[in-house]
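Q: According to this note's numbering, the stretch in the first sequence is residues 1239 to 1705, in order. We treat Cβ as the ideally placed atom computed from N, Cα and C, and that holds for glycine. Only a predicted model underlies this, so the values are computations on that prediction, with no experimental measurement involved. Have a look at this one before I ask anything.
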Amino acid sequence: MRPLPGARLLGTIHTIHSRAARRAGFGTLPRPRRQDHSAGKKPMLDLKFIRQHPDVIKDGARKKHIPCDVDRILELDRRIRAIKTEAEAKKAEQKRRSKEIPGLDGEEKARALQDLKRLGDEQKAMDAEIRVLDEELQKLLFEVPNPPAPEVPEGKDDAENVELRRHGEPVQFPFEAKDHLELGRMHDLFDFERAARIAGSRTYFLKNAGALLELGVLRLALDHMVSKGFTPMLVPHLVRYEAMAGTAYFPGGEEQAYCTEKDELYLIGTAEVPLTSYRRGEILDAAELPLRMVGWSNCYRREAGAAGRDTRGLYRIHQFQKIEQVIVCENDEAKSVEFHDQILRNSEEVLQMLELPYRVVDVCGGDLGRGQIRKFDIETWMPSRNSYSETHSASRFHDFQARRLNLRYRDADGKVHICHTLNNTVIASPRVLIPLLENHQQADGSIRIPKALRPYMGGKEVLEPRA
RNA sequence: GGAGAGAUGGCAGAGUGGUCGAAUGCGCCCGCUUGCUAAGCGGGUGGGGGAUCACAAGUCCCCCCCCGGGUUCGAAUCCCGGUCUCUCCGCCA
């Protein structure tokens, strides 16, 4: 699934979010308050890089259609460094002279104390000045988008994404095809009406084969990834602000996430959040890399701003289950690109096992999130929508998330670097049940179960509609 | 939910206002010694930022003893707030 589009929404920021943000050290305050071994500033991008290549940043922001005031950042940076140099010189003097105090006494000592007091006050004034400027700088830095890869197509929204390849052919039904809702009724797979009564819009019950199919495809996907050497992980579904901010959903995506107000925890919209955050603040040994993880979690999305869109059926709902693959690798462009290709193919293999037609699109600049360097979406053919619709989203972040998470590694020479991160959907259900049911339906309303899925369905080959 | 204890370098563990970025031990790295190994001996061993500067090396400086703030000429040490961990009691899938 695509990352929460909230990064581009200008939603009202709830008090609770800013409270948590402040405590976490993101957003309005320059430094983290909660426990955080990384202690320090964590700009989205390396400030040195911005300093040296302002034009790259500017052009990247343009391509992503995200506003970004690079000049203001550079100015703040210049001023802060100037004051800092001066403040540090004072601090050094103060420190040095402090050490002489125990050796002094009488009037000499009194005079020295007075001098030092004055020095200290001057320092504090400068620190305060720095703090104000730095607060503004940090806020701006969090909004700097990661420049997209040069190959990323220009474009302002998903209409301008570029198709890369197709696999399989959309089925031509020699009979009148039913949509998944109709099939669901025939097989008693879902209940939307009662769900709405209990839980509101965009909710559902899965019943009978509907429930089993969901667990089946999830397990198939998980097993496939485990066979590829990924570590299976069951993850926390409630996370702190830092995890949301570290993976770049916050700030910006607050409106898309459910928040538990009393505890200031957020329901994850994807296992990417806890998985990518898993080793945050650590310096990994290069020998451990790449970390290849596959997580199974429920995903919760408010779908704010989507009112009226895709209201029917299983397409856009508030809660679903997803198997997600995450890779943490070395800070190496070529490796990162290579893994991006791998995680894309992993997911394609799952769709092939499910015998579903799909295509891969290269997501254009304007449809990329703030942190993504490049993204490929997989769209699976959905007969009822008469279109390829998004079921997977494979993103490459460079060091964007890792920098925020302070996720680093030590190379063979003992040097410390920030990791690269990537992730992709392996399967998300029940959305994938739409193409699964619709593509494999037969004239009599029965549904053929693809071979690879049968072991997960008690060996059954076909689902027969209820009498 | 109630009561208490604690958080120091990769690990263990000292340190209650100055000479502590931090003893000591273990681990790790480099030398020496040694048929090999072990032992022994000597040295080294965290992260971040800034100045100079070529985004190099080197040199200098600042910050970090869970996180943030405060007191003080000076804080790992004192004060306030937060987070986490552990123990006991209660509750509970």
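According to DSSP, simplified to helix, strand and coil, what is residue 1391?
A: The answer is coil: DSSP assigns residue 1391 none of H, G, I, E or B.
Q: So residue 1361 is in the alpha helix (DSSP H); what residue range does that whole segment cover?
A: 1344-1379 is the extent of the alpha helix (DSSP H) around residue 1361.
Q: Quick one: residues in its chain with C-beta nearer than 7 Å to the C-beta of residue 1460, no 5 flanking neighbours on either side, listed in chain order?
A: If we look at residue 1460 and ignore the five residues flanking it on each side, its Cβ neighbours are 1470, 1532, 1534 and 1561.
Q: Assuming residue 1421 contacts residue 1694 under a Cβ cut-off of 8 Å, what Cβ separation, rounded to an integer in Å, is found between them?
A: About 19 Å; that fails the 8 Å criterion.
Q: Name the residue from 1620, 1641, 1305 and 1361 whose alpha carbon lies nearest to the alpha carbon of residue 1410.
A: Nearest option by C-alpha distance: 1620.
Q: Shortest alpha-carbon distance to residue 1429 belongs to which of 1437, 1417, 1444 and 1596?
A: Among 1437, 1417, 1444 and 1596, the Cα nearest to that of residue 1429 belongs to 1444.
Q: Can you tell me which of the three DSSP states residue 1515 falls into?
A: Helix, per DSSP.
Q: Over the uninterrupted alpha helix (DSSP H) stretch that includes residue 1309, give me the two end residues.
A: Per DSSP, residue 1309 belongs to the alpha helix (DSSP H) from 1308-1336.
Q: Check residue 1660 in the structure and name its three-state DSSP category.
A: Residue 1660: strand per DSSP, three-state reduction.
Q: On a CA-only basis, which of 1386, 1691, 1285 and 1675 is nearest residue 1571? Give me that one, please.
A: That would be 1386, whose Cα lies nearest to the Cα of residue 1571.
Q: So is residue 1512 buried or exposed if we call it buried at 16+ other beta carbons inside 10 Å?
A: So residue 1512 counts as buried.
Q: Should the stretch 1632-1649 be called in touch with the stretch 1601-1616, which here means at least 3 C-beta pairs below 8 Å?
A: With a cut-off of 8 Å, the stretch 1601-1616 and the stretch 1632-1649 count as touching, because enough Cβ pairs lie within range.
Q: Just verifying my parser: in three-state terms, what is the DSSP assignment at residue 1559?
A: Three-state DSSP puts residue 1559 in a strand.
Q: Measuring only the C-alpha atoms, how far is residue 1588 from residue 1462?
A: One C-alpha to the other measures close to 8 Å.
Q: Locate the beta strand (DSSP E) running through residue 1626, then write down its first and last residues.
A: Element bounds for residue 1626: 1625-1634.
Q: Grab the span of the beta strand (DSSP E) containing residue 1403 for me, first residue to last.
A: It spans 1400-1405 - the beta strand (DSSP E) in which residue 1403 sits, taken as one unbroken run.
Q: What does residue 1203 pair with, by DSSP beta-bridge criteria?
A: Outside the displayed range of the chain (1239 to 1705) lies residue 1203, so it cannot be described from this structure.
Q: What residue range does the alpha helix (DSSP H) around residue 1454 cover?
A: Start and end: 1446-1465.
Q: Could you spell out where the alpha helix (DSSP H) holding residue 1596 opens and where it closes?
A: Per DSSP, residue 1596 belongs to no alpha helix (DSSP H); it is in the beta strand (DSSP E), 1596-1600.
Q: What is the C-beta distance between residue 1302 and residue 1383, in whole angstroms, given that I count them as a contact (C-beta under 8 Å)?
A: 5 Å between Cβ atoms; contact.
Q: Run through DSSP, which three-state label would residue 1482 get?
A: DSSP places residue 1482 in helix when its eight states are reduced to three.
Q: Verify whether the separation of the beta carbon atoms of residue 1592 and residue 1674 is less than 8 Å.
A: Closer than 8 Å, so yes.
Q: Terminal residues of the continuous alpha helix (DSSP H) containing residue 1287?
A: Where residue 1287 is concerned, the enclosing alpha helix (DSSP H) stretches over 1285-1290.
Q: Could you check how far apart the C-beta atoms of residue 1452 and residue 1559 are, in whole angstroms? I think they sit under 8 Å.
A: About 7 Å; that satisfies the 8 Å criterion.
Q: What are the start and end residues of the beta strand (DSSP E) that includes residue 1612?
A: Where residue 1612 is concerned, the enclosing beta strand (DSSP E) stretches over 1612-1620.
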